[in-house]
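For the sequence shown, the residue numbers in this note's numbering are 1361 to 1482.
Heads up: the structure comes next, in structure tokens.
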Amino acid sequence: MKLHGFQDLRRRTGRERLVEGTLLVAHVAAYVTLLLTTMPLTHALVFAALHQAWFGLHLGMAFAPHHKGTDMPDPDGEKGGHLRLQVLTSRTVRGSFLTDWFRGASTTRSSTTCSPACPART
1361 MKLHGFQDLR RRTGRERLVE GTLLVAHVAA YVTLLLTTMP LTHALVFAAL
1411 HQAWFGLHLG MAFAPHHKGT DMPDPDGEKG GHLRLQVLTS RTVRGSFLTD
1461 WFRGASTTRS STTCSPACPA RT
């Protein structure tokens, strides 16, 4: 994700590029500094690899189920805003105790994707 963040800077303009670039560089610098000051280099490399792998797995578990089996909009077809595309490509998923524990109960509903202020089902 960080690599894509840096690549995305090319399409940004002026202030957006400066702010996002500064925040990305600050994040990477702080992450590397923290790892290298708290553990040896080999441990830091292994930790970073495992941390990023688990983070990617967690994000995939949290976001992918909303979009499984749904139609994707045609990139050349109808244009819509972010909210419209979220509604069209997400669905409400019922999870078990285990999935709720891993992802949090509010991530299983499309309404929280579209409006995070919606109260979670109890």
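Beta carbons: idealized from backbone N, C-alpha and C, even for Gly.
N- and C-terminal bounds of the alpha helix (DSSP H) containing residue i
{"i": "T1393", "result": "1374-1398"}
{"i": "M1421", "result": "1401-1423"}
{"i": "L1363", "result": "1362-1368"}
Other residues of its chain near residue i: CB distance less than 7 Å, five sequence neighbours each side excluded
{"i": "L1396", "result": "A1404"}
{"i": "A1408", "result": "L1395"}
From the options, residue whose alpha carbon lies closest to that of residue i
{"i": "L1384", "options": "R1371, R1375, K1362", "result": "K1362"}
{"i": "V1388", "options": "G1365, W1414, R1375", "result": "G1365"}
Spatial neighbours of residue i in its chain, beta-carbon cut-off 8 Å, leaving aside the 5 residues before and after
{"i": "V1379", "result": "none"}
Whether residue i touches residue j by CB criterion (8 Å)
{"i": "L1369", "j": "R1377", "result": "yes"}
Cut-off 6 Å between Cβ atoms - residues of its own chain near residue i, not counting five sequence neighbours on either side
{"i": "F1415", "result": "none"}
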